[in-house]
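Letter 384 of the sequence shown, counting from 1, is numbered 389 in this note's numbering, and no numbers are missing.
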Amino acid sequence: MLQNVVSGNFRGKFHSISASKRTTECEQCFSVLGGLSAEVLSLNSRPARPYILSSLLSAMDLSTSSSLWAYGSVWLFFSLLVYFKFSHSDMVLTPALLVYFFLLVIFEWFCHLYLPIILGIVLLSSACWYVLSIASPRRMLPVAGKAVFITGCDSGFGKAAAHKMDKMGFRVIASVLDLQSPGAKDLKKRCSDRLTIIQMDLTKAEDIKRAYQIIREKTADTGLWALVNNAGYCAHFGDAELSLMSTYRGCMEVNFFGTLEMTKTLLPMLRSSKGRIVTISSPAGEHSFPFLAAYGSSKAALGRVMDTFRHELMPWGVKVSVIQPGSYKTGAHDNKTHWENQHQKLLTSLPSELLQDYGEEYICETQNMFLNYGNTACSDFSPVLDSITDAILSESPKVKYYAGKQLWLLYFIGIYLPHCISDSFFKSIFLKGKTMPRALQKQKQTE
6 MLQNVVSGNF RGKFHSISAS KRTTECEQCF SVLGGLSAEV LSLNSRPARP YILSSLLSAM
66 DLSTSSSLWA YGSVWLFFSL LVYFKFSHSD MVLTPALLVY FFLLVIFEWF CHLYLPIILG
126 IVLLSSACWY VLSIASPRRM LPVAGKAVFI TGCDSGFGKA AAHKMDKMGF RVIASVLDLQ
186 SPGAKDLKKR CSDRLTIIQM DLTKAEDIKR AYQIIREKTA DTGLWALVNN AGYCAHFGDA
246 ELSLMSTYRG CMEVNFFGTL EMTKTLLPML RSSKGRIVTI SSPAGEHSFP FLAAYGSSKA
306 ALGRVMDTFR HELMPWGVKV SVIQPGSYKT GAHDNKTHWE NQHQKLLTSL PSELLQDYGE
366 EYICETQNMF LNYGNTACSD FSPVLDSITD AILSESPKVK YYAGKQLWLL YFIGIYLPHC
426 ISDSFFKSIF LKGKTMPRAL QKQKQTE
């Protein structure tokens, strides 16, 4: 309204003055009008300031209220779970547990003050779940009357698992590639009469059928409780382009198709006993490691089919677990004759043009690099063996077991961090200081 009054006065004054003075008067009137308009806008904006401030404070109060409700809900749910576990003797109050509870309170305070509400709730919930998981003792089933079949017991995890299971009192059927191998002879010498060793090649259907018949006979009175898929095969370390198609097929035949056929063959027995399927996989099946395309692809396929089995067999009471071991000295790297034969086979099978582009020195360096990794690997299989035991006997086995030091760091970087960071991490492990292919060296020299 004030603007209308000012505008009317301005028009009356404009028509009453002489033409010679209109320009000067117009400028003065516009100046007055501008000042009045600015004052009006200033007057209109002043009451809004406390309103905006009060709105912001109300929003902050609402956010704080929502945050308190959210964090309070997490604590309430956590407290109910703790009470339930204490009442069922699933948790024992120890000094370490009190320390964990205190750390949870400190962590909740940090999340509440410094993190967005959603992220803070997720992290606090994860921390509470972790405390519950480590504070609760694992309920284990009795060993008596249980039989287990383990593949790939010539060496490594399979041999160690067969020995441990036999020592625990299981009836063990262990498959080996060669009954006269040092590993087979050692098992016969060290284990009890409960252990049965059979020869089996996972790539041969007749061997799998024969193994099935032996397993049925040996477990006629007890049934088969667990299958441990341990047998694996890695023929070559090298670039995906340099890996022969026979290498891809060989890895798939053993690591995927052979294991799949063995599992399918024994499923009727495992469904009958509501038993366990435990599969030894590899981090290479979940992360794209350089130079392990053939092996990693077969393990990735194996992981997917085991996840499918896990869902489909839940109604039958069969529990499926996958174990991801770290770097261990399984004995596979010790067979120098095998690796030398594979290396010579690769060099003679590659097209001359491809061999020229990469260079023989590049190929040799890649294989030697992985063999050296094997020499520095861990020789203590305890984390893997403990995981196998838990997967077989725990009332509630885990879906996945990560058995190895600092393996969590590998998965955290590979899964949760951006590709630019994870790529740099894997590059520092596999590619740092490595010789460039011959063609790239020439290209770099000409630039």
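By construction, the Cβ of each residue, glycine as well, lies at the ideal position given by its N, Cα and C atoms.
Cβ atoms of residue j and residue i: under 8 Å apart, would you say?
{"i": "T201", "j": "L232", "result": "no"}
{"i": "G248", "j": "A305", "result": "Looking at the sequence shown, residue 248 is not Gly but Ser. In this structure, A305 does not lie closer than 8 Å to S248 by Cβ."}
{"i": "G308", "j": "L412", "result": "no"}
{"i": "Y406", "j": "Y416", "result": "no"}
{"i": "F154", "j": "F386", "result": "no"}
{"i": "G174", "j": "L229", "result": "no"}
{"i": "I282", "j": "L275", "result": "yes"}
{"i": "C2", "j": "L129", "result": "A question about residue 2 goes unanswered here, because the residues of the chain that appear run from 6 up to 452."}
{"i": "Y217", "j": "T156", "result": "no"}
{"i": "C158", "j": "S131", "result": "no"}
{"i": "Y105", "j": "V136", "result": "yes"}
Rounded to a whole number of angstroms, what is the C-alpha to C-alpha distance between residue i and residue j?
{"i": "C454", "j": "L109", "result": "For the chain, the structure presents residues 6 to 452; residue 454 sits outside this window and is missing."}
{"i": "S457", "j": "A165", "result": "Nothing about residue 457 can be reported from this structure: the residues present for the chain run from 6 to 452 only."}
{"i": "D362", "j": "G243", "result": "14 Å"}
{"i": "R1", "j": "K341", "result": "Nothing in the structure corresponds to residue 1, since the chain is present only between 6 and 452."}
{"i": "S427", "j": "T313", "result": "28 Å"}
{"i": "A149", "j": "K193", "result": "21 Å"}
{"i": "S399", "j": "D391", "result": "11 Å"}
{"i": "R254", "j": "H343", "result": "18 Å"}
{"i": "F261", "j": "S160", "result": "20 Å"}
{"i": "K190", "j": "R215", "result": "21 Å"}
{"i": "K410", "j": "G290", "result": "18 Å"}
{"i": "P187", "j": "M374", "result": "27 Å"}
{"i": "F431", "j": "L422", "result": "12 Å"}
{"i": "E113", "j": "L124", "result": "12 Å"}
{"i": "E266", "j": "E211", "result": "11 Å"}
{"i": "F91", "j": "V310", "result": "38 Å"}
{"i": "N346", "j": "L272", "result": "37 Å"}
{"i": "I393", "j": "T381", "result": "24 Å"}
{"i": "L352", "j": "L359", "result": "10 Å"}
{"i": "F82", "j": "M319", "result": "27 Å"}
{"i": "L445", "j": "L414", "result": "33 Å"}
{"i": "I122", "j": "K403", "result": "30 Å"}
Note down, in chain order, each residue of its chain lying with its Cβ closer than 8 Å to the Cβ of residue i, except the 5 sequence neighbours on either side.
{"i": "K223", "result": "A152, R176, I178, T201"}
{"i": "P294", "result": "Note on identity: in this sequence residue 294 is Phe, with Pro being the wrong assignment. Only P288, G301, F431, F435 meet the Cβ criterion."}
Does the Cβ of residue i have 16 or more other Cβ atoms within 10 Å, making it buried, or fewer, making it exposed?
{"i": "K324", "result": "buried"}
{"i": "A240", "result": "buried"}
{"i": "V79", "result": "buried"}
{"i": "F107", "result": "exposed"}
{"i": "N235", "result": "buried"}
{"i": "I455", "result": "Limits of the chain in this structure are 6 at one end and 452 at the other, which puts residue 455 out of reach."}
{"i": "V327", "result": "buried"}
{"i": "G419", "result": "buried"}
{"i": "C425", "result": "exposed"}
{"i": "G438", "result": "exposed"}
{"i": "T451", "result": "exposed"}
{"i": "I397", "result": "buried"}
{"i": "F296", "result": "buried"}
{"i": "D213", "result": "In the sequence as displayed, the identity of residue 213 is Ile instead of Asp. By the 10 Å Cβ count, I213 comes out buried."}
{"i": "S303", "result": "buried"}
Quick one, which of the options has its alpha-carbon nearest residue i's?
{"i": "I126", "options": "S160, S72, P320, S429", "result": "S72"}
{"i": "N377", "options": "D395, K334, S286", "result": "K334"}
{"i": "M205", "options": "T284, G438, G237, P423", "result": "G237"}
{"i": "L120", "options": "L137, F154, Y76", "result": "Y76"}
{"i": "L436", "options": "G280, V79, E370", "result": "E370"}
{"i": "Y367", "options": "T440, E400, V310, N380", "result": "T440"}
{"i": "S278", "options": "F294, T252, W321", "result": "W321"}
{"i": "E365", "options": "G379, R443, C425", "result": "R443"}
{"i": "A167", "options": "C425, V389, L355, W114", "result": "V389"}
{"i": "D198", "options": "K172, V181, T381, F89", "result": "K172"}
{"i": "G301", "options": "L182, Q329, T394", "result": "Q329"}
{"i": "M145", "options": "K447, K403, D395", "result": "D395"}
{"i": "E246", "options": "P356, I111, L103", "result": "P356"}
{"i": "K350", "options": "L81, K169, M250", "result": "M250"}
{"i": "S354", "options": "I111, L103, T252", "result": "T252"}
If you drop the 5 nearest sequence neighbours on each side, which residues of the same chain put their C-beta closer than 7 Å to that of residue i?
{"i": "T208", "result": "E258, V259, G263"}
{"i": "R51", "result": "Because the pLDDT at R51 is just 43, under 50, the model does not fix this residue reliably, and the point stays unresolved."}
{"i": "H348", "result": "Q372"}
{"i": "E317", "result": "none"}
Taking 6 Å as the limit between beta carbons, can you name the residues of its chain near residue i, skipping five residues before and five after?
{"i": "L184", "result": "Q204"}
{"i": "R315", "result": "V325"}
{"i": "H292", "result": "G419"}
{"i": "L182", "result": "D159"}
Are any of the Cβ atoms in chain D nearer than 8 Å to that of residue i?
{"i": "L307", "result": "The structure shown contains no chain D, having only a single protein chain."}
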